[in-house]
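Chains as they are written, first to last, in the working numbering: chain L, 1318 to 1434; chain C, 1318 to 1434.
Protein chains: 2
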Amino acid sequence: MSNLELTVLEPETVPCCPPLTSAELSVEDSVRMAAMFKALGDPVRLRLFSKVASHPGGEACVCDIQDVGVSQPTVSHHLKKLREAGLLTSERRGTWVYYKVAPSVLAGMSALLDLTR
Amino acid sequence: MSNLELTVLEPETVPCCPPLTSAELSVEDSVRMAAMFKALGDPVRLRLFSKVASHPGGEACVCDIQDVGVSQPTVSHHLKKLREAGLLTSERRGTWVYYKVAPSVLAGMSALLDLTR
DNA sequence: ACCCGACATTGACGAGTGTCAACATAGACA
DNA sequence: TGTCTATGTTGACACTCGTCAATGTCGGGT
């Protein structure tokens, strides 16, 4: 199931946009990128994302990262949002579900904010 | 007046955080950075920010960028949010108010998302 | 078959957000 | 002073969001 979502998001691995300082964002790009920024625009989600990104191997199961001060359903809800935004992918292995970052999308966001060029 | 706000935001020019992939974000940092991501998490705001950032000289008056499909008060409202998030600074020169990007803050966000190191 | 632990979904609620019309303010210029 | 233009503020409204309790689902073990 989560594999299907991953497939859907795959085409977006193409580098999104030139740096913000070099050209004005198109309407469609602004909608797409704003959705990603929005996903990181909540402290709990940003911490969850940070925990996954900094975890050894670049992936973590929910049990490793769910200590963020909110209830388990809320954690699950936020992880779903991050997945839907294309920032995380999930995979079930036995009892646990593992989340990992979607590196190409992150690189796109970084490039968008790059000021050096 | 806007100069006062600029002064308040000045201390945040210190590079915020290590890259997300290298260490887990602290609670306070996640609150602070999430507020910035949140400010860019609306398509209209992201386009306004893009228009300012890509404008020659790195600054633009409202009249240059207000063609984003919403009313003038809404544009003003969004610019205020971007200012409060520390992403833009404003300065009145005669009839027009000029907005420019706060480069150090942007650099901090870019560094946070940097995957190369 | 049963239970238990890991994670997701549903439904509900208060708080926050984006938007506009109406109005206010501040400079420039006659 | 008065008027026009540029921009900000206020108040209201529909809608979205973050959160939790309750419940559901899926796998592993006994």
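Note that the Cβ used here is the ideal one computed from N, Cα and C, for glycine as well. Predicted, not measured: the structure shown is a model, and the values here were computed from it.
Give, in chain order, every residue of the segment 1337-1350 of chain L whose Cβ lies closer than 8 Å to some Cβ of chain C.
Flagged, chain order: Leu1337, Thr1338, Ser1339, Ala1340, Glu1341, Leu1342, Val1344, Ser1347, Val1348, Met1350.
Shorter than 8 Å from the beta carbon of Lys1368 of chain C to some beta carbon of chain L?
Lys1368 of chain C counts as touching chain L.
Report the CB separation of Ser1367 of chain L from Ser1347 of chain C in whole angstroms; it is logged as a contact under 8 Å.
Right, the Cβ-Cβ distance comes to about 7 Å (below 8 Å), so this counts as a contact.
Taking 8 Å as the threshold (beta carbon to beta carbon), is Pro1360 of chain C in contact with chain L?
Interface residue, yes.
I need the straight-line Cα distance from His1394 of chain C to Gln1389 of chain L, nearest angstrom please.
Cα to Cα, His1394 of chain C sits roughly 35 Å from Gln1389 of chain L.
Please tell me whether Asn1418 of chain C and Ala1370 of chain C are closer than 8 Å, where the distance is taken between their beta carbons.
One point to set straight first is that residue 1418 of chain C is Val, not Asn, in the sequence displayed. Yes, the pair counts as a contact, with Cβ atoms nearer than the cut-off.
Identify the contact partners of Arg1400 of chain L in chain C, using a Cβ-Cβ distance below 7 Å as the criterion.
Correct list: empty, because the minimum Cβ distance to chain C is about 17 Å.
Assuming Leu1404 of chain L and Met1353 of chain L make a contact with CB atoms under 8 Å, what is their CB distance in whole Å?
Rounded, the Cβ-Cβ distance is 6 Å, consistent with contact.
Give the residues of chain L in contact with Arg1364 of chain C, contact being defined as C-beta atoms less than 8 Å apart.
Per Cβ cutoff of 8 Å: Glu1341, Leu1342, Val1344, Ser1347.
Please confirm if Leu1423 of chain L has its CB atom under 8 Å from at least one CB of chain C.
Yes, because at least one Cβ of chain C sits closer than 8 Å to the Cβ of Leu1423 of chain L.
Go ahead and pull the three-state DSSP assignment for Val1385 of chain C.
Three-state DSSP puts Val1385 of chain C in coil, outside helix and strand.
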